[in-house]
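Structure first, commentary second.
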Amino acid sequence: MIRTFTAGFTFFLLITLAAFAQAQTTTTVSGKILNAKDKLPIDYATVAIRSLQDSSVVGTTNTEKDGSFTVNGLKSGNYRLYVAYLGLKSTTKDFTANGAPVQLGAVEMENSGLDLNTVEIVGDAPPVNVKKDTIEFNASSFRVRENAVVEDVLKKLPGVEVAKDGSIKAQGEAITRIKVDGKEFFGNDPLLATKNLPADMIDKIQVIDQMSEQSQFTGVDDGNREKVINITTKKDKKNGIFGNSSIGYGSDDRHDVNVNVNKFNGDQQMSVVAQFNNVNKQNFGGGGGGGGRMRMGGDGGGQQGITTTNAAGLNYANIFKNKTEINASYFFNNTSLFNEQQSLRQNLLGNTTTTFANNLNSTTERTNHRFNFLLDTKIDSTTSIKVQPNFSLTNTDLIRNSDYVNNFANSETIGDQVFKTNSSTPSFGNNLLIRKKFLRRGRTLSLNVNTSFNQSDSENYNAIQNFTTNSLGTSQEFTDQFNDSESKTISNTSRLVYTEPLSKTLSLELNYENRYNFSDSERFTYNFNPVTSRYDQIDDTYSNTYENTTLTNAVGFSFNKTAKKYTWNAGLAVQHTDRENANITTGNIINQDFYNLTPSAQFRYTFSNSKRLRINYRGNTQQPSISQIQPIPDNTDTQTIPVGNPNLRPSFTNNLSVFYNNFDFANYRSLFVFVNANQTINAFGNNSTLIANDPDSTRNGKIAVLPVNVKGVFQVNAGSYVGLPLITGNKLNLNINLNGSYGRGVNFTNSIENISNDYSITNGYKLVSVFDKIDFTAGINGTMNRSTYSANPNQNTTYYTLSPTLDISYLLPGDIRIAADVDYFQNTGRGEAFDTNYTLLNSFVSKQFFKNKGTLKFAVNDILNQNQGILRTSNNNTITDLNYNVLKRYYMVSFTYSLNRIGGKNIDGAPQGQGGRPGGRMRM
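Residues -15 to 908 in our numbering are what the sequence shown lists, from first letter to last.
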């Protein structure tokens, strides 16, 4: 495996060096675009270079503010320059490249009397464009199959990773929400967009490093950013009804029904989504379970258990003539999950190691309702208000049965547990933003108020039977309890910001923030009374009422500088926190006061329109949760007994991130590099102690876990991504990624400090095609994980995962498609029972009907019937190996209908999914 990584890394370097060596044999063309009328430079005109030999577009770019442009990577030959700008007549100029740099000088553009929408150059539009905090991908440059969804396009984008559960990362950062034409789509659930919306609606996909709402208004970056994706729809889709709906039935009574209908009319959007299946597909986030195709199994990647899903939702968005925006959505889902697990957990307690082998099966029934609403409107020409309430209600019923063997301190416990719970969790939140602009440009005042209320009520029945054998013989222990728990949290954060321009490029921000948080937890545990056959004997050891109140005030300032090539921001806030922990049961009250300085800084440098550097630093505090501070043990777990620590102090984290990207538009090359480092002071760790010889024999063999503050915790993640074209025109690309992470954790085991070091290295290669008839993605990923433990070095572990993959299809005459995807998983270093290798093969054949609107498909999932659920986790003081049940082989016949009614007319479907030739048309 080490050889694999070494060879892979060497290949990575050779490919990169070869790519840049190739760039040395080419030349550049440059010039300046001017308006012929006033001789002024034209900013952001579209420039394209076409070869006169084969008519291919070999490079595109946009002009800078001074009208200049440069296109790199031209081989010797004859070319034609095309220049387009809205309102001006398109211009062309022929030139010859012979190895020396070509300087075209001034190129002038005349006023146009033509309808610019009719002037176009047919060819490859640039697949990637960079605009300030946005990386924009042209969807037509990334061809997908018919009936594809947004997720299928994302999988082909450079620097974008889609995990097996549907979660998305872009340039190493998690995507938190998806927007459609700038409007919210089902709140903050990205999967409802990526797994339901059809791919053929997409014009462009924008990956945005988005500032907070308040920062977007003031123009001063407060450091609170999130990665979001905005999908811009094609013009013809903005006025029509479209979507894909399917129904399928297969062996073992498997069924799969999906509905997606969208009606867009200008700024008005209405979408309906629904799904009903028992094949582990969950096209939404939250509520447990996975989603997507049956590409499951392997280390850490598979859906656990078998899930039956029923879900439906409605989304509405509109912007009215007075610029008022309204967005509302409702979503309902019901899931039933059956899970079987076999696990082996090693607890590393200093020079002592205990093992816990567990066989578990459970059934979880969950029902969830979600409602989101948004209103954004102007009160007058200088004042606006934005309100975003949301509500969620989740009801859960769980039945869990387990039998286990616990080996500890020359003793062995054989036991079983039956655990039942019924819980209800309502939550409500609201975000209010009031914005005021003054006459002086850059002077603003804004207030952001974020309020949330969360409650959880649960009733738990816990029955445990243990037989413990040691040198004294065998003893028997019983636990039969009813646990009635109720908790709620009320929080409110208000932030007032005033900005004042100091010059054309420098501004000052003054801010005040108030945070209030109140949490309470009531837990009453009753033992079963055999006399009354009721749970009416309260157990004071496991019963308690606790309250926590935290009030934080912070005053700060920041300076923001905006120049042509760079921007920077530096700020500092003084924060005071007053916390009261009240044990209502005992009457004990603990008051704590904390002062912190919270600095922040950002620096962004734009080398060119395609090359950027971003550096961010931020310091912030985190308060412990009420479960971490409530001093009451919880005995519902068969392995641990956690108890809160009321003396726990808040933690403080220093975060530094660096991100660099470089796109070579002319040659379709791309490079991303990122580094993210966190150092935490007073981090939350655990003091784990083996319980032995306790008067309460039901506790013996379990591990008492007490949260404590620890020092020396930090984590570093770094990654790089290179995209290289193997065939010109973006038809075949090689994507290479190299990622690594290191984490240092500190905990205590039996009062001995244990420093854990966790290392991970991943190297991957992926080929992505954009051809007319054949569509394939092929790749290989290898991961090495290593964990070391200072208190128990004999348990240091190194394990590996290797996973080649191939997804290929071919379109035959008669609109018949044959397809197969295969994944091979090899897991080593885990131990005899958990080292596995297997192949997951899926295939289908499909035929299009009704002018390509309908698709009939026969599919087989897991043809070889080898799918497995394998997972290893190692952190702090534990190593856990897990086997779990997965969905195995089944057959299914399905029919998909593509609704595509544009402007009142039915439009034929396209057998190529996206339609048109690869790259589409570049309108100028």
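Here a beta-carbon is modelled for each residue, glycine too, at the ideal position from N, C-alpha and C.
Bear in mind the structure is a predicted one, so any value in this text is a computation, not a measurement.
First and last residue of the uninterrupted alpha helix (DSSP H) at residue i
| i | result |
| --- | --- |
| residue 613 | 610 to 613 |
| residue 818 | Looking at the DSSP string, residue 818 is not in any alpha helix (DSSP H), and its letter there is neither H nor E. |
| residue 134 | 134 to 138 |
| residue 199 | 197 to 202 |
| residue 177 | 175 to 178 |
Whole-angstrom distance between residue j and residue i, CA atom to CA atom
| i | j | result |
| --- | --- | --- |
| residue 134 | residue 778 | 47 Å |
| residue 427 | residue 546 | 15 Å |
| residue 278 | residue 566 | Note that residue 278 scores 31 on pLDDT, short of 50, meaning its location in the model is unreliable; the coordinates nonetheless yield the value given after this. Rounded to whole angstroms, residue 278 to residue 566 spans 49 Å at the Cα level. |
| residue 789 | residue 652 | 24 Å |
| residue 378 | residue 414 | 18 Å |
| residue -5 | residue 749 | Any answer about residue -5 is weak, because its pLDDT of 44 lies below 50 and its placement is not dependable; what the coordinates show is given next. The straight-line gap from Cα to Cα measures roughly 10 Å. |
| residue 307 | residue 362 | 8 Å |
| residue 500 | residue 438 | 14 Å |
| residue 850 | residue 553 | 54 Å |
| residue 145 | residue 152 | 6 Å |
| residue 326 | residue 122 | 46 Å |
| residue 7 | residue 883 | Note that residue 7 scores 39 on pLDDT, short of 50, meaning its location in the model is unreliable; the coordinates nonetheless yield the value given after this. When rounded, the distance between both Cα atoms is 46 Å. |
| residue 34 | residue 753 | 22 Å |
| residue 284 | residue 770 | Residue confidence is low: residue 284 scores 37 on pLDDT, short of 50, so the model does not pin down where it sits. Its coordinate-derived value is still stated next. Taking the straight line from one Cα to the other gives about 15 Å. |
| residue 64 | residue 659 | 41 Å |
| residue 174 | residue 229 | 20 Å |
| residue 147 | residue 502 | 36 Å |
| residue 734 | residue 358 | 52 Å |
| residue 370 | residue 211 | 21 Å |
| residue 311 | residue 224 | 19 Å |
| residue 744 | residue 730 | 18 Å |
| residue 102 | residue 296 | With a pLDDT of 37 at residue 102, under the threshold of 50, the modelled position of this residue cannot be trusted; read the value that follows with caution. One C-alpha to the other measures close to 42 Å. |
| residue 90 | residue 116 | 26 Å |
| residue 407 | residue 682 | 26 Å |
| residue 669 | residue 194 | 32 Å |
Nearest-angstrom Cβ-Cβ length linking residue i and residue j, presumed shorter than 8 Å
| i | j | result |
| --- | --- | --- |
| residue 722 | residue 703 | 7 Å |
| residue 865 | residue 815 | 7 Å |
| residue 830 | residue 839 | 5 Å |
| residue 626 | residue 697 | Not quite, the Cβ-Cβ distance comes to about 19 Å (not below 8 Å), so this is no contact. |
Start-to-end residues for the beta strand (DSSP E) that takes in residue i
| i | result |
| --- | --- |
| residue 217 | 209 to 217 |
| residue 268 | No beta strand (DSSP E) contains residue 268, which DSSP labels as neither H nor E. |
| residue 566 | 550 to 567 |
| residue 498 | 490 to 513 |
| residue 653 | 653 to 665 |
| residue 726 | 716 to 733 |
| residue 535 | 528 to 546 |
| residue 419 | 395 to 421 |
| residue 301 | 290 to 303 |
| residue 170 | Unbroken run through residue 170: none, as it is neither H nor E. |
When the options are compared against residue i, the one with the closest alpha-carbon
| i | options | result |
| --- | --- | --- |
| residue 507 | 498, 470, 621 | 470 |
| residue 615 | 573, 322, 623 | 573 |
| residue 257 | 263, 249, 251, 268 | 268 |
| residue 575 | 533, 336, 540 | 533 |
| residue 848 | 874, 868, 683 | 874 |
| residue 169 | 148, 87, 253 | 253 |
| residue 519 | 526, 845, 638, 510 | 510 |
| residue 45 | 60, 27, 62 | 27 |
| residue 531 | 558, 571, 543, 701 | 571 |
| residue 409 | 853, 375, 391, 384 | 375 |
| residue 84 | 93, 61, 77 | 61 |
| residue 324 | 526, 293, 289, 336 | 289 |
Cβ-heavy atom distance, residue i to the ligand ADP, below 7 Å
| i | result |
| --- | --- |
| residue 321 | This structure lacks the ligand ADP; in fact it carries no ligand of any kind. |
- Query: Are the stretch 174 to 185 and the stretch 119 to 139 touching, with three or more C-beta to C-beta distances below 8 Å?
  - Reply: Counting C-beta pairs closer than 8 Å gives three or more between the stretch 174 to 185 and the stretch 119 to 139, which meets the contact rule.
- Query: Okay, do the stretch 719 to 739 and the stretch 691 to 705 touch, 3+ Cβ pairs below 8 Å being the bar?
  - Reply: Result yes; three or more Cβ-Cβ pairs closer than 8 Å.
- Inter-stretch contact (C-beta, 8 Å, three-pair minimum) for the stretch 400 to 417 and the stretch 440 to 454: Result yes; three or more Cβ-Cβ pairs closer than 8 Å.
- Query: Should the stretch 789 to 799 be regarded as contacting the stretch 760 to 767, the criterion being three or more beta carbon pairs within less than 8 Å?
  - Reply: Three or more beta-carbon pairs separated by less than 8 Å link the stretch 789 to 799 to the stretch 760 to 767, which places the two stretches in contact.
- Message: For the pair the stretch 310 to 325 and the stretch 352 to 359, tell me if three or more CB-CB distances fall below 8 Å.
- Response: Output reads yes: the stretch 352 to 359 touches the stretch 310 to 325.
- Message: Is it the case that the stretch 474 to 490 contacts the stretch 417 to 432, given that we only count it when at least three CB pairs across the two stretches are under 8 Å?
- Response: Yes, the stretch 417 to 432 touches the stretch 474 to 490.
- Validate contact between the stretch 243 to 251 and the stretch 190 to 200 using beta carbons, cut 8 Å, 3 pairs: At 8 Å Cβ cutoff, the stretches do not touch.
- Message: Would the stretch 47 to 57 count as touching the stretch 9 to 23 if we require 3 or more Cβ pairs under 8 Å?
- Response: When C-beta atoms of the stretch 47 to 57 are compared with those of the stretch 9 to 23, three or more pairs fall below 8 Å, so the two segments count as touching.
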